[in-house]
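S.K.: Numbering (mature numbering (1 follows the signal peptide of the UniProt record, and there is no 0)), first residue to last: -18 to -1, 1 to 256. A virtual CB, placed ideally from N, CA and C, is assigned to each residue, including glycine. Handing you a structure now.
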Amino acid sequence: MKVAAGLIGWLFFLTACGAVEKTEGQADMEGTLLGSMGANTFLLFVEDNISGTVLEFSDELVGDSYEAEIYRIFLDQDTKLIYEETGEELSAELSGMGFNTISFLASSTERIKINVRGDFEPEVTTGRDQNVLLYPAFIPIHEADEIIFPRQDLGTILDRYDLSRYHSDKTVAVLSFLDEVFSYDSMFDGDQLYEYSAEDQHVILGHYYNDEVGFFDHFIDEYPAYYVVREDGVVFDTNNLQDVTNYLENELGFEVNEDMYHDGMIEDDGGSDE
């Protein structure tokens, strides 16, 4: 269904009468990362009255009773990044991340907690007859004082990957766990594995940064660590990226997609170290 241009319905903010009392240690909001809205700005979905806390996106009309709690969150160099397990501040710095901010956040967690600057009262967007994401400009915005990252287990991370949607037996996710602070260059670790992507075979890469707070030390003993994942879970793990390549070729039958070079999708430097 095509989305009609313009605003359908009115936007109202329903706020509680008076400040919302918080228990000690309770964050202002907790929700799911939805994506970037520009440099250092992202969407946080808390819940709606259709799908609860797990957003089911649709452009279908849902009636004028639709309600959603969702926010645009702005970060700057003064926003603190906190590991909830220890209370430590991350070494990763937001300054200079720009449009890579959402990549960093998504590599650490899917659900986060946020404390904002100033007083906070939950705001519910209502008066819409379609999904609130269709008109993101009208979503309330807050400046983040603290972003709090929960502890993650491997199972929680694996749950993010729905490989069945590719409808191919030759589909894997390769998860790279790096004992590093997030950096732009580290986002490209393992990119050579994309050579094995083709119409009938798919390689999805995920990067996870241990930071100095030790996000993943509770289940990883040696870094870097690489996990090859299929629909039924982890099928191979190693500390050597070349082992991943060998496994894809020798055990799963993946082949290099030569067309990627011919079409200019990958530049072959002829073995140059530069």
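Quick test of your reading: I52 and T107, contact by CB under 8 angstroms. State the CB separation rounded to the nearest angstrom.
M.R.: Reading the sequence shown from its first residue, position 70 is the one you call residue 52. Reading the sequence shown from its first residue, position 125 is the one you call residue 107. Indeed, because the Cβ distance is near 7 angstroms, the residues count as touching under 8 angstroms.
S.K.: Who are I130's beta bridge partners in DSSP?
M.R.: Indexing the sequence shown from 1 puts residue 130 at position 148. Beta-bridge pairing links I130 to I64 and K95.
S.K.: Let me know if D60 comes out buried or exposed under the rule of 16 or more other beta-carbons within 10 Å of its beta-carbon.
M.R.: Stepping through the sequence shown from its first residue, residue 60 is reached at position 78. Exposed, since its Cβ has fewer than 16 Cβ neighbours within 10 Å.
S.K.: Would you check if there are 3 or more beta carbon pairs closer than 8 angstroms linking the region 96 to 106 to the region 117 to 132?
M.R.: Taking 8 angstroms as the limit for Cβ pairs, the verdict is that the region 117 to 132 does touch the region 96 to 106.
S.K.: Between E177 and V238, how many whole angstroms is the CB-CB distance? I'm expecting something under 8 angstroms.
M.R.: Residue 177 sits at position 195 when you count from the first residue of the sequence shown. Residue 238 sits at position 256 when you count from the first residue of the sequence shown. Indeed they touch by this definition, with Cβ atoms about 5 angstroms apart.
S.K.: What does the alpha-carbon distance come out to for the pair residue 257 and T83?
M.R.: With the chain covering only -18 through 256, there is no way to say anything about residue 257.
S.K.: Is A21 buried or exposed, if buried means 16 or more other CB atoms sit within 10 Å of its CB?
M.R.: In the sequence shown, the residue the question calls residue 21 occupies position 39. By the neighbour-count rule (16 or more Cβ atoms within 10 Å), A21 is not buried but exposed.
S.K.: According to DSSP, is S48 helix, strand or coil?
M.R.: In the sequence shown, residue 48 corresponds to position 66, counting from 1. Note that residue 48 is Tyr in the sequence shown here, rather than Ser. Looking at Y48 - three-state DSSP - the assignment turns out to be strand.
S.K.: Which residue from F86, E29, H200 and G17 puts its Cα closest to that of L136?
M.R.: Against the sequence shown, residue 136 aligns to sequence position 154. Closest by alpha carbon: H200.
S.K.: Determine the burial state of A74: buried for a count of at least 16 other Cβ atoms within 10 Å of its Cβ, exposed for fewer.
M.R.: The sequence position of residue 74 within the sequence shown is 92, counting from 1. Result: buried.
S.K.: What are the boundary residues of the alpha helix (DSSP H) that S89 is part of?
M.R.: Mapped onto the sequence shown, residue 89 falls at position 107. It spans T83 to S90 - the alpha helix (DSSP H) in which S89 sits, taken as one unbroken run.
S.K.: Let me check understanding here. Comparing Cα to Cα, which of F198, T91 and T14 lies closest to E38?
M.R.: By one-based count along the sequence shown, residue 38 stands at place 56. Here the closest residue by C-alpha is T14.
S.K.: Drop a sphere of 10 angstroms on the beta-carbon of residue 305, count the other beta-carbons inside from all chains shown, and report buried for 16 or more, exposed for fewer.
M.R.: Residue coverage of the chain in this structure runs from -18 to 256, which leaves residue 305 outside it and unanswerable.
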